[in-house]
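A short write-up of the structure that comes next.
Chains as they are written, first to last, in the UniProt record's numbering: chain A, 1 to 782; chain B, 1 to 208.
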């Protein structure tokens, strides 16, 4: 950015000189001086529209004055401009008061029942810049109120001041133009298409930016007033985008979450999942007390010392391994990592509680640990390549950032996938259609430069040879590479060394000096030198009998392809489970320790860039403990302390370790699998998780679930013709394990492929098929 | 210590002319005559024959002043629907943080007040309340008013946190116990204008 020359223009506002870059709007130049011009439609991230007319000011340029006051939100500064706001110009003041009076003519006196009351720009600016009286004596225009424009958002048209913030956001930022201004004159109103509700993944932002109470969220409706809420800056736990959030708590209960303002990451936006999925924390079935399996084989509530002692005793008896899900905070992941090495004396730890391969692990150790690609690189890229990654569904803020550049400067986006997604269409992506498993073969055809950005998702590991081919391509072209996992904790878990081939700070286990480094920092004589097993290998080892105990934190067996083996292993081994709510793991565990959810503890995540996203405990009087504290207690009980009794201690120790500055491990090319010929009616399965689906952190959010995309089976026109179905007819997809019947959608997809959502209502691929991608399934008309 | 009687720190007293009296020599003239002594007791004797001022509370209760600030009351519309809309303005106005309100949405099955919103939880903590009446001034629907009831003593802290059912006005003639639908053909504005005279037969909810 430093080499860009910025033309500065000096203008005079209310008698003060200010220099701003060329193109700056008058309203923003005034902000720089601390002069607040009232406004409703103006938003720094949306295109100027001049819809509300509230920001009228007097402007003259080189001695020639505009005949009438001008909207300062639409006029860029010019040399020789003299601006007089309401503070120095009686004309501007009178104009603003007149606009305010007019906006209030049809605005109902709803303030006592309106959710916005107390934090309403209209309320505030009517007080600061309006008159105390209205000359209007007629009857206000009324509309039916409120109307549901989606299960999550309610619209009250009487309150609307027609600023068009919501419609501009939906069109310009989210590219979901489901909401628009209808009619003209006094009857102008915001509306949705008759048959299409406002089902955007980003609809919550319109509620947040609405300057009046016209758009309100169903979940927060009438729940509190701003003065009831205690706000805590926090980070989103739902994906690796790394949104900064604001969590608002009333009497120990989270009532809402708002997008935080972070220009480098989420700007001022977030997705509906991050905004509205937080009820899992207050679910009725939350684990509150430790439980220990008693002599008769039943889980029984126990005291903390009993449970810690039972966990320690069980882990001491046999060789143990650690499975930590991708949702742990950096501090917790570091706790698990140190616990495995110091207390259990093993490198058998893996955070990948999902489909994962050895190739991916090598890719992580060689490439991900040193990846430095950021959102800024997307802003500057000349092209973006998406492989095994569906940004809108899997990392929505990455989608918004790419879309911003697509809109601004027609950024070239190429997507290598089997199915053209809704998100790719919105990005006008060049869709390179390949059969599932053959993505690597399409890589050479994509033109990349050193200014390009390759974004690869965690699903890339499901196609053998793809990750190593991508790493080689990035090496060859100099393009920036970023690996974007779906879960918030994965990048942090890598940094914390919660994987068998890495120690904290990206130090390779295989490197003796790296081991000495870490051993010295931890005050132990040595770190186990053998490479740790992956999660699949750990499960196999338990079933074989070589590993006798498991420490499991935040893992769902149904996230992997081998859930039958995993359930068998959980049954067999001595299991210590650290969980928030009951799960398949806790029902089979021998010791269950309840842990704190994100809103109840402090800590940090690393987003996909590796940027630290700190969060503080929003609910302060929670009795729940962070994972790292419990692990430290177990380690003490086993007399092999990890000395991490607080999150602060863990974060301090982790920071002092620093990053590995030695050579990273090398990545060898894995051969691409050849796909066997398909019979008629057979297809290769491809899938991804939708943003809003049946994930465990979205349970209990009916309003949110109402805006989820409907589950469908997607097949190509050719296949549809061959099995004789049209859009909406039921299709049966099956393999030897089970079958799923869903309505069909005929769309742009590879002729050999069939797409289903991975974990949506009626479509749980891993539970039903035991596989989620690349496998052969049969597709027939139901 | 020597400065304790410094005039700078001692408040100046008004000059009552006592200095001159006290400085005069004390002369003992012996007992005063009988008549003068009885005259000294005149006030005492007079009071003995007056009607006592004591009120035999709690057997006897005097009415308070008309606008005495006593216990609060949550009023009802003439058809029995609650006037409270759960807006929390009373809680906002309260200088003692004595009021706690949670709002909720009226639904067709559960209509407690006219309009979209009603007060689901309403608590006043009489250990905190200072009876200033700012909450009454803040109430936009005249739902909250004060009665003249002042007997607010009890022997537990919990019992002095009054819940909504403790504060709600009793049902009068023509009122129906909510939840029940709004008066036919009337909206919330009609309610505020006083167009609703009493409950309409169609508002009665049949429980079967």
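By construction, the Cβ of each residue, glycine as well, lies at the ideal position given by its N, Cα and C atoms.
So, under 8 angstroms CB-CB, residue 689 of chain A and residue 487 of chain A are touching, yes? Tell me the CB distance rounded to an integer number of Å. Position 689 of the first chain, counted from the start, is the residue given in the question as residue 689 of chain A. Position 487 of the first chain, counted from the start, is the residue given in the question as residue 487 of chain A. Wrong, their Cβ atoms sit about 10 angstroms apart, outside the cutoff.
Residue 703 of chain A lies in the alpha helix (DSSP H); which residues open and close that run? Here residue 703 of chain A is taken as the residue at index 703 of the first chain, counted from 1. Note, residue 703 of chain A: alpha helix (DSSP H), 702-705.
For residue 124 of chain B, return the contacting residues in chain A, with the cut-off set at a CB-CB distance below 9 angstroms. In the second chain, counting from the first residue as 1, residue 124 of chain B sits at position 124. By Cβ distance, chain A contributes nothing, its closest Cβ being about 16 angstroms from residue 124 of chain B, past 9 angstroms.
Indicate whether the contact test is met: 3 or more Cβ pairs, each with one atom in the region 65-75 of chain B and one in the region 155-167 of chain B, closer than 8 angstroms. Output reads yes: the region 155-167 of chain B touches the region 65-75 of chain B.
Fully enclosed by the region 245-319 of chain A, which alpha helix (DSSP H) runs are 4 residues long or longer? 272-276 and 304-317
Which residue's Cα is closest to the Cα of residue 223 of chain A: B:103, B:169 and B:201? Translated into the one-based positions of the first chain, residue 223 of chain A becomes position 223. Cα-wise, what sits closest to residue 223 of chain A is B:103.
Nearest to residue 739 of chain A by alpha carbon, out of A:752, A:755, A:720 and A:769? Locating residue 739 of chain A in the first chain gives position 739, where the first residue counts as 1. Minimum Cα distance to residue 739 of chain A is reached at A:769.
Starting from the C-beta of residue 209 of chain B, find all residues in its chain whose C-beta is less than 7 angstroms away, skip the five residues before and the five after it, and write them out in chain order. Since the first and last residues shown for chain B are 1 and 208, residue 209 of chain B lies out of range.
To be precise: take each residue of the UniProt domain "4Fe-4S ferredoxin-type" (120-149) of chain B, compare its Cβ to all Cβ atoms of chain A, and keep it if any distance is under 7 angstroms. Which residues remain? 140
Give me the Cα-Cα distance between residue 644 of chain A and residue 349 of chain A, rounded to the nearest whole angstrom. Here residue 644 of chain A refers to the residue found at position 644 when the first chain is read from its first residue. Here residue 349 of chain A refers to the residue found at position 349 when the first chain is read from its first residue. Using only the alpha carbons, I get a separation of about 18 angstroms.
Where the region 45-74 of chain B meets chain A: residues whose CB sits under 7 angstroms from a CB there: none
Residue 113 of chain A in three-state terms, based on DSSP: In the first chain, the residue the question calls residue 113 of chain A occupies position 113. For residue 113 of chain A, the three-state secondary structure derived from DSSP is helix.
Could you tell me how far apart the beta carbons of residue 115 of chain A and residue 91 of chain A are, in whole angstroms, since I believe they sit closer than 8 angstroms? Residue numbering aside, residue 115 of chain A sits at position 115 when the first chain is read from its first letter. Residue numbering aside, residue 91 of chain A sits at position 91 when the first chain is read from its first letter. Not quite, the Cβ-Cβ distance comes to about 36 angstroms (not below 8 angstroms), so this is no contact.
Can you look up residue 551 of chain A in the DSSP assignment and give me helix, strand or coil? The sequence position of residue 551 of chain A within the first chain is 551, counting from 1. It is a strand residue.
The region 384-403 of chain A in contact with the region 236-243 of chain A per 3-pair CB rule at 8 angstroms: yes
Between which two residues does the beta strand (DSSP E) holding residue 380 of chain A run? Residue numbering aside, residue 380 of chain A sits at position 380 when the first chain is read from its first letter. Note, residue 380 of chain A: premise wrong, no beta strand (DSSP E); alpha helix (DSSP H) at 375-380.
To the nearest angstrom, how far is it from the Cα of residue 685 of chain A to the Cα of residue 371 of chain A? Locating residue 685 of chain A in the first chain gives position 685, where the first residue counts as 1. Locating residue 371 of chain A in the first chain gives position 371, where the first residue counts as 1. Distance between the alpha carbons of residue 685 of chain A and residue 371 of chain A is about 30 angstroms.
The beta strand (DSSP E) spanning residue 433 of chain A covers which residue range? Residue mapping note: residue 433 of chain A aligns to position 433 of the first chain, counting from 1. Note, residue 433 of chain A: beta strand (DSSP E), 430-433.
CA nearest to the CA of residue 607 of chain A, picked from A:453, A:571, A:368 and A:681: As a first step, residue 607 of chain A must be located in the first chain, where it is residue number 607. Among A:453, A:571, A:368 and A:681, the Cα nearest to that of residue 607 of chain A is on A:368.
Closest residue to residue 523 of chain A among A:641, A:534 and A:592 (Cα-Cα distance): By 1-based counting over the first chain, the position of residue 523 of chain A is 523. Considering only alpha carbons, the answer is A:641.
Using alpha carbons as the reference points, say which of A:471, A:87, A:276 and A:548 lies closest to residue 317 of chain A. Numbered from 1 along the first chain, position 317 holds the residue referred to as residue 317 of chain A. Ranking the options by Cα distance to residue 317 of chain A, first place goes to A:548.
Listed from N- to C-terminal order along the chain, which residues in the region 203-234 of chain A have their beta-carbon within a distance smaller than 8 angstroms of any beta-carbon of chain B? 221, 222, 223, 224, 225, 227 and 228
Under 7 angstroms, Cβ to Cβ, is there at least one residue of chain B near residue 714 of chain A? Reading the first chain from its first residue, position 714 is the one you call residue 714 of chain A. So no, residue 714 of chain A is outside the interface.
Residue 679 of chain A versus A:741, A:400, A:780 and A:614, residue with shortest Cα-Cα distance: Mapped onto the first chain, residue 679 of chain A falls at position 679. The shortest C-alpha separation from residue 679 of chain A is found at A:780.
Alpha carbon to alpha carbon, how far is residue 723 of chain A from residue 561 of chain A? For the purposes of this step, residue 723 of chain A is identified with residue 723 of the first chain, where counting begins at 1. For the purposes of this step, residue 561 of chain A is identified with residue 561 of the first chain, where counting begins at 1. Cα-Cα distance, rounded: 29 angstroms.
Using a Cβ cut-off of 7 angstroms (strictly closer), state whether residue 117 of chain B contacts chain A. As a first step, residue 117 of chain B must be located in the second chain, where it is residue number 117. Yes, because at least one Cβ of chain A sits closer than 7 angstroms to the Cβ of residue 117 of chain B.
Could you tell me whether any Cβ in chain B is nearer than 7 angstroms to the Cβ of residue 112 of chain A? For the purposes of this step, residue 112 of chain A is identified with residue 112 of the first chain, where counting begins at 1. Residue 112 of chain A counts as touching chain B.
Using CA coordinates, which residue listed in A:466, A:478 and A:375 is at the minimum distance from residue 362 of chain A? Translated into positions along the first chain, residue 362 of chain A becomes position 362. Of the listed residues, the one whose Cα sits closest to residue 362 of chain A is A:466.
Evaluate the contact criterion for the region 117-131 of chain A versus the region 27-44 of chain A: three or more CB pairs, one atom per stretch, below 8 angstroms. yes
Express the C-alpha separation of residue 25 of chain A and residue 7 of chain A in angstroms, rounding to a whole number. The residue you call residue 7 of chain A lines up with position 7 of the first chain. The residue you call residue 25 of chain A lines up with position 25 of the first chain. Going from the Cα of residue 7 of chain A to the Cα of residue 25 of chain A covers about 14 angstroms.
Between residue 274 of chain A and residue 260 of chain A, what straight-line distance do the alpha-carbon atoms span, to the nearest angstrom? On the first chain, position 274 is the one that residue 274 of chain A refers to. On the first chain, position 260 is the one that residue 260 of chain A refers to. Rounded to whole angstroms, residue 274 of chain A to residue 260 of chain A spans 11 angstroms at the Cα level.
Should residue 741 of chain A be labelled buried (16 or more other beta-carbon atoms within 10 Å of its own) or exposed? Your numbering for residue 741 of chain A matches position 741 in the first chain. With fewer than 16 Cβ atoms within 10 Å of its Cβ, residue 741 of chain A is classed as exposed.
Neighbourhood of residue 452 of chain A by C-beta, 8 angstroms cutoff - its chain only, sequence neighbours within 5 removed: Translated into positions along the first chain, residue 452 of chain A becomes position 452. Closer than 8 angstroms at Cβ, skipping near neighbours: 381, 382, 383, 384, 385, 477, 479 and 480.
Separation of residue 537 of chain A from residue 783 of chain A, as counted between CA atoms: Because chain A spans 1 through 782 in this model, residue 783 of chain A falls outside it and cannot be assessed.
Measure the C-alpha to C-alpha separation of residue 454 of chain A and residue 297 of chain A and round it to an integer number of angstroms. The residue given as residue 454 of chain A occupies position 454 in the first chain. The residue given as residue 297 of chain A occupies position 297 in the first chain. Straight-line measurement puts the Cα of residue 297 of chain A at about 51 angstroms from the Cα of residue 454 of chain A.
What is the DSSP secondary structure of residue 102 of chain A, counted as helix, strand or coil? Residue numbering aside, residue 102 of chain A sits at position 102 when the first chain is read from its first letter. Looking at residue 102 of chain A - three-state DSSP - the assignment turns out to be helix.
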